[in-house]
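For the sequence shown, counting from 1, position 77 maps to 77 in the UniProt record's numbering; every step adds exactly one. Structure, as C-alpha coordinates:
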Amino acid sequence: MERHQQSTIELGRCRFRTVLFTLVKSKNLFFYFLDLSYPPLCSDVPCNDTVACPDETTCCKNVKGGWNCCPLPQAVCCEDFLHCCPHGKKCNLAAMTCDDPSGSIPWLEKKPSRPIGGQNKEKGKAAAANVSCDSSHFCPASSTCCKDVNAEWSCLELEVFRT
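The structure is reproduced here in C-alpha coordinates:
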(Lines of atoms letter the chains of each structure in order from A and count residues from 1; the text may use other names and numbers.)
(Lines give C-alpha, C1' and ligand atoms only; values in the text may rest on other atoms or scores of the structure.)
Protein backbone atom coordinates (compact mmCIF):
# COMPACT_ATOMS: atom_id res chain seq x y z
CA MET A 1 0.00 0.00 0.00
CA GLU A 2 1.39 3.35 -1.00
CA ARG A 3 1.47 5.99 1.67
CA HIS A 4 0.91 9.61 0.68
CA GLN A 5 2.40 12.52 2.50
CA GLN A 6 -0.31 14.70 4.00
CA SER A 7 0.26 18.23 2.89
CA THR A 8 -1.61 21.34 1.97
CA ILE A 9 -0.65 23.07 -1.25
CA GLU A 10 -1.77 26.55 -2.24
CA LEU A 11 -2.56 26.28 -5.92
CA GLY A 12 -3.24 29.93 -6.51
CA ARG A 13 -5.65 32.76 -6.17
CA CYS A 14 -8.55 33.65 -8.35
CA ARG A 15 -10.78 36.66 -8.49
CA PHE A 16 -14.51 36.14 -8.93
CA ARG A 17 -16.27 39.42 -9.59
CA THR A 18 -15.11 41.54 -6.65
CA VAL A 19 -13.74 38.91 -4.27
CA LEU A 20 -10.39 37.14 -4.14
CA PHE A 21 -10.37 33.41 -3.35
CA THR A 22 -7.43 31.16 -2.54
CA LEU A 23 -7.53 27.63 -3.98
CA VAL A 24 -5.96 25.02 -1.70
CA LYS A 25 -5.50 21.28 -2.21
CA SER A 26 -5.30 18.99 0.82
CA LYS A 27 -5.56 15.18 0.74
CA ASN A 28 -6.84 15.20 -2.85
CA LEU A 29 -9.63 17.61 -1.89
CA PHE A 30 -9.91 21.13 -3.21
CA PHE A 31 -11.04 24.04 -1.05
CA TYR A 32 -11.75 27.67 -1.84
CA PHE A 33 -11.10 30.20 0.90
CA LEU A 34 -12.34 33.76 0.84
CA ASP A 35 -9.30 35.99 1.23
CA LEU A 36 -10.40 38.47 3.90
CA SER A 37 -7.06 40.28 3.81
CA TYR A 38 -7.90 41.46 0.30
CA PRO A 39 -10.22 44.48 0.44
CA PRO A 40 -13.32 44.15 -1.71
CA LEU A 41 -13.54 46.44 -4.70
CA CYS A 42 -16.99 47.62 -5.63
CA SER A 43 -17.68 48.05 -9.27
CA ASP A 44 -21.22 49.25 -9.77
CA VAL A 45 -23.69 49.28 -12.62
CA PRO A 46 -25.57 52.56 -12.02
CA CYS A 47 -29.34 52.30 -12.54
CA ASN A 48 -29.89 56.04 -12.05
CA ASP A 49 -28.31 58.80 -9.93
CA THR A 50 -29.24 57.20 -6.61
CA VAL A 51 -29.07 53.38 -6.91
CA ALA A 52 -26.79 50.81 -8.50
CA CYS A 53 -26.39 47.08 -8.99
CA PRO A 54 -23.20 45.02 -8.52
CA ASP A 55 -20.81 44.52 -11.44
CA GLU A 56 -21.81 41.74 -13.86
CA THR A 57 -25.53 42.36 -13.19
CA THR A 58 -28.30 44.27 -14.99
CA CYS A 59 -30.61 46.99 -13.67
CA CYS A 60 -34.31 46.21 -14.23
CA LYS A 61 -37.40 48.19 -13.22
CA ASN A 62 -39.50 46.71 -10.42
CA VAL A 63 -43.28 46.76 -9.80
CA LYS A 64 -43.07 49.97 -7.73
CA GLY A 65 -41.13 51.85 -10.43
CA GLY A 66 -37.79 51.51 -8.65
CA TRP A 67 -34.83 49.34 -9.59
CA ASN A 68 -33.86 45.72 -8.95
CA CYS A 69 -30.80 43.76 -10.07
CA CYS A 70 -30.79 40.75 -12.36
CA PRO A 71 -27.79 38.54 -11.46
CA LEU A 72 -26.62 38.41 -15.10
CA PRO A 73 -24.82 40.90 -17.38
CA GLN A 74 -26.86 42.35 -20.29
CA ALA A 75 -29.96 40.47 -19.11
CA VAL A 76 -33.47 40.70 -20.51
CA CYS A 77 -35.90 42.22 -17.98
CA CYS A 78 -39.25 40.40 -17.98
CA GLU A 79 -42.58 42.23 -18.28
CA ASP A 80 -43.74 40.98 -14.86
CA PHE A 81 -41.12 43.31 -13.27
CA LEU A 82 -39.99 40.42 -10.99
CA HIS A 83 -37.88 38.17 -13.19
CA CYS A 84 -35.18 38.27 -15.86
CA CYS A 85 -33.53 36.06 -18.45
CA PRO A 86 -30.04 35.70 -19.94
CA HIS A 87 -29.08 37.89 -22.90
CA GLY A 88 -30.61 36.58 -26.12
CA LYS A 89 -33.50 34.71 -24.49
CA LYS A 90 -37.17 35.78 -24.30
CA CYS A 91 -39.29 35.80 -21.16
CA ASN A 92 -42.15 33.31 -21.37
CA LEU A 93 -44.56 34.61 -18.73
CA ALA A 94 -47.02 31.72 -19.09
CA ALA A 95 -44.37 29.00 -18.64
CA MET A 96 -42.17 31.07 -16.28
CA THR A 97 -39.10 30.28 -18.41
CA CYS A 98 -36.48 31.92 -20.59
CA ASP A 99 -36.83 30.66 -24.17
CA ASP A 100 -34.84 30.67 -27.39
CA PRO A 101 -34.70 28.25 -30.35
CA SER A 102 -32.27 25.98 -28.46
CA GLY A 103 -34.72 25.42 -25.59
CA SER A 104 -36.01 26.75 -22.27
CA ILE A 105 -34.41 27.40 -18.91
CA PRO A 106 -35.96 28.63 -15.62
CA TRP A 107 -36.11 32.39 -15.29
CA LEU A 108 -34.24 34.26 -12.56
CA GLU A 109 -35.56 36.36 -9.70
CA LYS A 110 -34.23 39.90 -9.39
CA LYS A 111 -32.49 41.18 -6.23
CA PRO A 112 -32.81 44.64 -4.61
CA SER A 113 -30.54 47.42 -5.83
CA ARG A 114 -28.38 49.38 -3.39
CA PRO A 115 -27.86 53.09 -2.79
CA ILE A 116 -24.92 54.65 -4.59
CA GLY A 117 -22.28 55.67 -2.07
CA GLY A 118 -23.88 53.71 0.78
CA GLN A 119 -26.61 55.36 2.82
CA ASN A 120 -25.98 58.55 4.68
CA LYS A 121 -26.80 58.08 8.38
CA GLU A 122 -28.40 61.52 8.54
CA LYS A 123 -30.83 60.73 5.69
CA GLY A 124 -31.53 57.08 6.49
CA LYS A 125 -32.16 55.47 9.84
CA ALA A 126 -29.27 53.23 10.84
CA ALA A 127 -30.79 50.17 12.49
CA ALA A 128 -28.69 48.18 14.94
CA ALA A 129 -28.46 45.32 12.42
CA ASN A 130 -26.87 47.56 9.78
CA VAL A 131 -23.15 47.53 9.01
CA SER A 132 -21.41 50.80 9.84
CA CYS A 133 -18.90 51.98 7.20
CA ASP A 134 -17.76 55.04 9.15
CA SER A 135 -19.35 57.65 11.37
CA SER A 136 -21.62 58.91 8.59
CA HIS A 137 -22.42 55.96 6.29
CA PHE A 138 -23.93 52.49 6.71
CA CYS A 139 -24.98 49.49 4.63
CA PRO A 140 -27.75 46.91 5.11
CA ALA A 141 -26.89 43.94 7.32
CA SER A 142 -26.85 41.61 4.30
CA SER A 143 -23.89 43.50 2.83
CA THR A 144 -20.44 44.81 3.60
CA CYS A 145 -18.94 48.26 3.16
CA CYS A 146 -16.31 48.79 0.49
CA LYS A 147 -14.80 51.65 -1.43
CA ASP A 148 -15.74 52.01 -5.08
CA VAL A 149 -13.39 53.13 -7.85
CA ASN A 150 -13.97 56.77 -6.81
CA ALA A 151 -13.03 56.00 -3.17
CA GLU A 152 -16.66 56.52 -2.11
CA TRP A 153 -18.51 54.13 0.20
CA SER A 154 -20.62 51.50 -1.48
CA CYS A 155 -22.45 48.39 -0.27
CA LEU A 156 -21.45 44.99 -1.57
CA GLU A 157 -24.29 42.46 -1.24
CA LEU A 158 -23.01 39.26 0.37
CA GLU A 159 -25.75 37.16 -1.22
CA VAL A 160 -23.99 37.51 -4.57
CA PHE A 161 -21.34 35.09 -3.30
CA ARG A 162 -23.56 32.45 -1.70
CA THR A 163 -23.98 29.24 -3.65
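Built from N, CA and C at the ideal position, the CB exists for glycine as well. Bear in mind the structure is a predicted one, so any value in this text is a computation, not a measurement.
Exercise. Does the beta-carbon of ALA94 have 16 or more other beta-carbons within 10 angstroms, so that it is buried, or is it exposed?
Worked result: Within a 10 Å sphere around the beta-carbon of ALA94 sit fewer than 16 other beta-carbons, which makes this residue exposed.
Problem set entry | CA-to-CA distance, PRO106 to residue 164, given in whole angstroms | Residue 164 falls outside the range modelled here, since the chain spans only 1 to 163, and no answer is possible.
For this session: Using three-state DSSP, classify TRP107 as helix, strand or coil.
Result: In the structure shown, TRP107 falls within a coil segment according to DSSP collapsed to helix, strand and coil.
For this session: Look up LYS64 in the DSSP assignment and say whether it is helix, strand or coil.
Result: coil
Exercise. Could you give the distance in angstroms between the alpha-carbon of CYS146 and the alpha-carbon of HIS137?
Worked result: 11 Å
Exercise. Which whole-angstrom value describes the C-beta separation of CYS59 and CYS47, a residue pair presumed to lie in contact below a C-beta threshold of 8 Å?
Worked result: 4 Å
Problem set entry | Beta-carbon proximity check, CYS69 vs ALA75, cutoff 7 Å | no
Exercise. Which residues in the same chain as GLY124 place their Cβ atom closer than 6 Å to its Cβ, once the five residues preceding and following it in sequence are excluded?
Worked result: At GLY124 the pLDDT is 46, less than 50, meaning the model places this residue with poor confidence and gives no usable figure here.
Exercise. Could you check where the beta strand (DSSP E) with PHE81 kicks off and where it finishes?
Worked result: Neither: PHE81 is in no beta strand (DSSP E) and is coded neither H nor E.
Exercise. If we ignore side chains and look at the alpha-carbon of each, how far apart do VAL51 and PHE81 end up?
Worked result: 17 Å
Problem set entry | For THR50, the first and last residue of its enclosing beta strand (DSSP E) | From DSSP, THR50 is part of no beta strand (DSSP E); its letter is neither H nor E.
Exercise. Where does THR58 sit, in a helix, a strand or coil, going by DSSP?
Worked result: strand
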